[in-house]
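Letter by letter, the sequence shown follows residues 19 to 750 in the working numbering. By construction, the Cβ of each residue, glycine as well, lies at the ideal position given by its N, Cα and C atoms. To start, the structure itself, in structure tokens.
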Amino acid sequence: MLGFLKNPVVITAKINMNLVALTVMGLISRLWRLSYPRAVVFDEVYYGQFLSLYMKRIFFVDDSGPPFGHMLLALGGYLGGFDGNFLWNRIGAEYSMNVPVWSLRLLPALAGALCVPLAYQILVELQFSHCAALGAALLILLENSLITQSRFMLLESVLIFFILLAVFSYLKFYNLQRHSSFSGSWWVWLLLTGVACSCAVGVKYMGLFTYMLLLAIAGLHFWHMIGDQNLSNVSLMCHFLARGLALIIIPVAMYLSFFYVHLTLLYRSGPHDQIMTSAFQASLEGGLARITQGQPLEVAYGSQITLRNVLGKPMQCWLHSHTNTYPIRYENGRGSSHQQQVTCYPFKDVNNWWIVKDPGMQQLVVSNPPRPVRHGHIVQLVHGITTRYLNTHDVAAPLSPHSQEVSCYIDYNISMPAQNLWRVEIVNRESDTDVWKTILSEVRFVHVNTSAVLKAIIFHFQLSGASLPEWGYRQLEVVGEKLSKGYHQSMVWNVEEHRYGKSQEQKEREVELHSPTQMDISKNLSFMAKFTELQWKILTLKNEDTEHKYSSSALDWITMDTNIAYWLHPTSGAQIHLLGNVVTWASADVAALVYMCLSLWYLIRRRRKIYDIPEDAWQLWVSAGGICVGGWAVNYLPFFLMEKTLFLYHYLPALTFQILLIPIVLQHLSDHLCRSLLLKSMFSALIVAWFSSVYLVYCTFSPVTYGEPSLSVTELKDLRWKDSWNILIRKQ
Numbered sequence: 019m020l021g022f023l024k025n026p027v028v029i030t031a032k033i034n035m036n037l038v039a040l041t042v043m044g045l046i047s048r049l050w051r052l053s054y055p056r057a058v059v060f061d062e063v064y065y066g067q068f069l070s071l072y073m074k075r076i077f078f079v080d081d082s083g084p085p086f087g088h089m090l091l092a093l094g095g096y097l098g099g100f101d102g103n104f105l106w107n108r109i110g111a112e113y114s115m116n117v118p119v120w121s122l123r124l125l126p127a128l129a130g131a132l133c134v135p136l137a138y139q140i141l142v143e144l145q146f147s148h149c150a151a152l153g154a155a156l157l158i159l160l161e162n163s164l165i166t167q168s169r170f171m172l173l174e175s176v177l178i179f180f181i182l183l184a185v186f187s188y189l190k191f192y193n194l195q196r197h198s199s200f201s202g203s204w205w206v207w208l209l210l211t212g213v214a215c216s217c218a219v220g221v222k223y224m225g226l227f228t229y230m231l232l233l234a235i236a237g238l239h240f241w242h243m244i245g246d247q248n249l250s251n252v253s254l255m256c257h258f259l260a261r262g263l264a265l266i267i268i269p270v271a272m273y274l275s276f277f278y279v280h281l282t283l284l285y286r287s288g289p290h291d292q293i294m295t296s297a298f299q300a301s302l303e304g305g306l307a308r309i310t311q312g313q314p315l316e317v318a319y320g321s322q323i324t325l326r327n328v329l330g331k332p333m334q335c336w337l338h339s340h341t342n343t344y345p346i347r348y349e350n351g352r353g354s355s356h357q358q359q360v361t362c363y364p365f366k367d368v369n370n371w372w373i374v375k376d377p378g379m380q381q382l383v384v385s386n387p388p389r390p391v392r393h394g395h396i397v398q399l400v401h402g403i404t405t406r407y408l409n410t411h412d413v414a415a416p417l418s419p420h421s422q423e424v425s426c427y428i429d430y431n432i433s434m435p436a437q438n439l440w441r442v443e444i445v446n447r448e449s450d451t452d453v454w455k456t457i458l459s460e461v462r463f464v465h466v467n468t469s470a471v472l473k474a475i476i477f478h479f480q481l482s483g484a485s486l487p488e489w490g491y492r493q494l495e496v497v498g499e500k501l502s503k504g505y506h507q508s509m510v511w512n513v514e515e516h517r518y519g520k521s522q523e524q525k526e527r528e529v530e531l532h533s534p535t536q537m538d539i540s541k542n543l544s545f546m547a548k549f550t551e552l553q554w555k556i557l558t559l560k561n562e563d564t565e566h567k568y569s570s571s572a573l574d575w576i577t578m579d580t581n582i583a584y585w586l587h588p589t590s591g592a593q594i595h596l597l598g599n600v601v602t603w604a605s606a607d608v609a610a611l612v613y614m615c616l617s618l619w620y621l622i623r624r625r626r627k628i629y630d631i632p633e634d635a636w637q638l639w640v641s642a643g644g645i646c647v648g649g650w651a652v653n654y655l656p657f658f659l660m661e662k663t664l665f666l667y668h669y670l671p672a673l674t675f676q677i678l679l680i681p682i683v684l685q686h687l688s689d690h691l692c693r694s695l696l697l698k699s700m701f702s703a704l705i706v707a708w709f710s711s712v713y714l715v716y717c718t719f720s721p722v723t724y725g726e727p728s729l730s731v732t733e734l735k736d737l738r739w740k741d742s743w744n745i746l747i748r749k750q
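Right, here's the structure in full:
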């Protein structure tokens with residue numbers, strides 16, 4: 019029974035020493051003196067602000083992309099014990115002792131280091147030689163720009179890692195497809211493909227380009243499977259469902275999970291709250307939640323409310339009035355009604371309070387029991403301080419002459435009767451009998467007499483900065499807009515602050531401090547509602563793109579006509595630049611050009627039934643191009659359509675795919691165009707000389723890649739190989 023113990027337990031393992039050596043070299047190149055410089059380097063000043071907010075659990079919105087990349091950086095801060103207390107306000111600022119610099123930069127550096135063995139594995143899975151795979155890995159290892167970008171608290175190296183991991187996993191899965199479908203390893207690599215794709219998209223939306231490429235390749239491969247008569251319909255359906263689960267459903271679920279963790283961690287109110295809806299703000303601890311805690315949920319006749327415009331950008335504002343009137347005549351000579359001004363005011367103020375009044379009754383207090391206002395009900399809005407009624411009429415607005423003026427009505431005993439009836443329309447209602455709710459309901463106010471809709475003119479301010487003149491205290495204009503002119507978010511309002519009025523007397527009403535039954539608004543906002551709102555804000559929120567000293571165009575990237583100065587030592591000539599290996603960049607461009615020209619030549623010849631290379635070599639050539647040239651194209655060409663400030667580092671994912679193409683083209687030329695032994699020997703010698711130049715350029719630019727040693731003025735001038743490069747030289 020215990021006979022198996024007579025023999026020793028032996029475990030054998032195959033270790034690819036190429037892979038081990040490449041991994042070690044990648045780690046050394048990226049981790050060496052990682053804490054240097056101990057100062058804020060370029061975009062660390064940007065990502066660091068969000069890192070500190072994560073450490074303090076304060077909510078923020080970053081319009082550059084999803085939160086997963088920020089969470090990874092925050093993980094480094096958490097592991098290093100960072101408390102978030104550092105002022106990220108200046109590039110070059112020295113880090114205080116509480117900032118764990120090595121820990122914050124560790125994950126991007128590890129991601130950059132692992133790109134080296136991944137490059138090797140990708141070429142092996144593409145069925146190229148180990149020599150070609152080794153060449154690809156060494157080119158990634160010695161690429162100065164990739165080293166620089168991975169040694170700091172930046173996200174490009176993390177993005178490239180997940181992109182390469184997704185490509186490698188899919189190739190591994192595809193190669194297993196031929197002989198072991200639905201095996202354990204087959205499922206692992208297929209699922210890992212989906213996970214890596216979702217992580218790439220979660221770091222930056224640029225990851226979506228490679229995700230779409232892999233979906234297209236997977237779709238093409240499945241299309242070929244449909245033509246395989248050896249596969250049954252049931253088997254095809256299983257393959258289809260497996261791919262749908264791994265490449266679509268799981269990535270979507272993971273993408274949602276990134277936001278779920280993000281919103282769970284960031285539960286405190288912060289500086290970015292104002293661009294979110296009142297309901298979202300009320301779900302955060304502190305801020306608006308302090309004010310809204312305990313408010314009544316249902317708006318009733320007699321309710322005292324503040325009305326916030328839903329648009330919320332470029333600034334939040336509330337419906338507001340004050341005792342001042344519109345001037346009798348405007349600067350352009352047009353006349354006004356001389357009624358009391360109504361504006362949208364971007365600050366909380368006592369003049370933002372309004373009372374919801376039943377037109378058929380005179381009382382301005384809530385009855386017992388309260389009578390809730392429902393969708394379609396007619397109301398009057400009474401300004402709390404001046405007790406004048408919200409009104410609009412056929413008089414041109416001050417800044418928008420094609421819209422109606424909105425005012426609080428003053429009876430001047432002239433032929434201008436009050437028109438102060440408004441119909442409440444709940445935009446996000448579930449039924450036509452819905453009750454108007456605090457924070458949750460988004461409502462339109464439609465003027466009964468003219469059918470005009472109450473609208474804040476925020477987008478004019480957004481485009482031109484136009485606001486009311488001095489007589490309107492530079493506040494934002496409110497108008498009555500015809501619905502026929504189209505729907506806009508600036509026509510929608512929600513109740514933010516709310517209390518049930520109890521005092522009929524005006525003086526008592528002004529000082530009323532009623533505390534109603536507790537009502538927690540935050541419990542009414544689901545995760546999906548918060549996710550949808552946050553996702554929409556990320557996609558639509560646009561910061562003003564200003565010209566940056568180191569911004570560039572996509573055309574500058576191919577020939578590396580630009581660079582970025584990341585850091586400059588305050589006293590010496592030590593500095594760090596985002597500069598690539600010139601030989602590698604030029605070789606990548608040549609390789610792409612050679613690939614496209616050779617492919618066109620082969621296609622024309624094959625059309626004429628002339629086959630220059632064997633069919634298996636042709637299939638290998640096409641599949642490699644689909645990955646490498648396709649990866650370069652999808653990660654580069656979209657930038658020509660983007661209206662945003664661009665930098666050289668945006669090109670690095672595309673460059674990585676282009677670098678992988680270099681050894682592929684070299685092996686193809688050696689195998690199929692160098693027919694004689696002499697030609698092969700000469701070609702090999704040229705490759706050795708070329709690779710030596712790659713290493714020489716890497717060493718030459720290492721001082722501005724790692725920031726040390728410090729270079730003299732002469733040495734710095736010698737590094738300016740192009741006039742367009744901005745190498746920083748101190749004045750003597």
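For N162, the secondary structure class from DSSP, reduced to helix, strand or coil, is helix. The DSSP-derived three-state label of Q195 is helix.
Taking a contact to require three or more Cβ pairs closer than 8 Å, the stretch 125-140 and the stretch 152-171 qualify as touching.
For L696, the enclosing alpha helix (DSSP H) has its first and last residue at L695 to Y724. Spatial neighbours of M333 in its own chain (CB-CB distance under 6 Å, excluding positions within 5 residues in sequence) are listed in chain order as P364.
Taking a cut-off of 8 Å on C-beta distances, the stretch 359-376 touches the stretch 399-413, as three or more cross pairs fall below it. DSSP places C426 within a strand segment (E or B) once states are collapsed to three. Spatial neighbours of L306 in its own chain (CB-CB distance under 8 Å, excluding positions within 5 residues in sequence) are listed in chain order as S287, D291, S296, Q299, A300 and E514. Spatial neighbours of T211 in its own chain (CB-CB distance under 8 Å, excluding positions within 5 residues in sequence) are listed in chain order as A184, S187, Y188, F191, L232, A264 and L265. The three-state reading of DSSP puts A31 in coil, since its state is none of H, G, I, E or B. Under the three-state reduction of DSSP, T361 is assigned to strand.
For Q167, the secondary structure class from DSSP, reduced to helix, strand or coil, is helix. Apart from the 5 residues on each side of it in sequence, N103 sits with its Cβ closer than 7 Å to the Cβ of N116 in its chain, given in chain order.
Taking a contact as a CB-CB distance under 8 Å, the pair V496 and A470 does not count as one, their CB atoms being some 11 Å apart. Judged by beta-carbon spacing, N251 lies beyond the 8 Å limit of F719, meaning their Cβ atoms are not closer than that value.
Per DSSP, reduced to three states, the secondary structure at I622 is helical.
Distance between I346 and T404, taken at the CA atoms: about 20 Å.
When the five nearest sequence neighbours on each side are left out, the beta carbons in the same chain lying within less than 6 Å of the beta carbon of D376 are those of Y319, in order along the chain.
The beta carbon of H257 lies closer than 8 Å to those of S199, F240, M243 and L249 in the same chain, with the five residues before and after it left out. For Y65, the uninterrupted alpha helix (DSSP H) segment begins and ends at E62 to M73.
H340 sits in a strand when the DSSP states are folded into three classes.
Assignment of G153 by DSSP, reduced to helix, strand and coil, places it in the helix class. Distance check between G330 and each of L283, W511 and M230 places W511 closest, using alpha-carbon atoms only.
For W554, the uninterrupted alpha helix (DSSP H) run begins and ends at F545 to T558, by DSSP. In the three-state reduction of the DSSP assignment, N369 falls in the helix class, which pools H, G and I.
Fully enclosed alpha helix (DSSP H) runs of no fewer than 4 residues occupy 202-221 of the stretch 190-241, in order along the chain.
L125 and L91 have their alpha carbons spaced roughly 7 Å apart. Apart from sequence neighbours up to five positions away, the residues of its chain that approach I705 with a beta-carbon distance below 7 Å are L684, ordered along the chain. Distance from the CA atom of Q437 to the CA atom of I556, rounded to whole angstroms, is 40 Å. Excluding five sequence positions before and after P85, the CB atoms of its chain that fall closer than 6 Å to its own CB belong to F276 and H280, given in chain order. Comparing alpha-carbon positions, the option among S521, S253 and I432 lying closest to V383 turns out to be S521. K24 is not bridged by DSSP to any residue. In the displayed model, V647 falls within a helix according to three-state DSSP.
In the three-state DSSP reduction, D574 falls in the helix class (H, G or I). Apart from the 5 residues on each side of it in sequence, V59 sits with its Cβ closer than 6 Å to the Cβ of F170, Y584 and W585 in its chain, given in chain order. Distance from the CA of L37 to the CA of I181, rounded to the nearest whole angstrom, comes to 19 Å.
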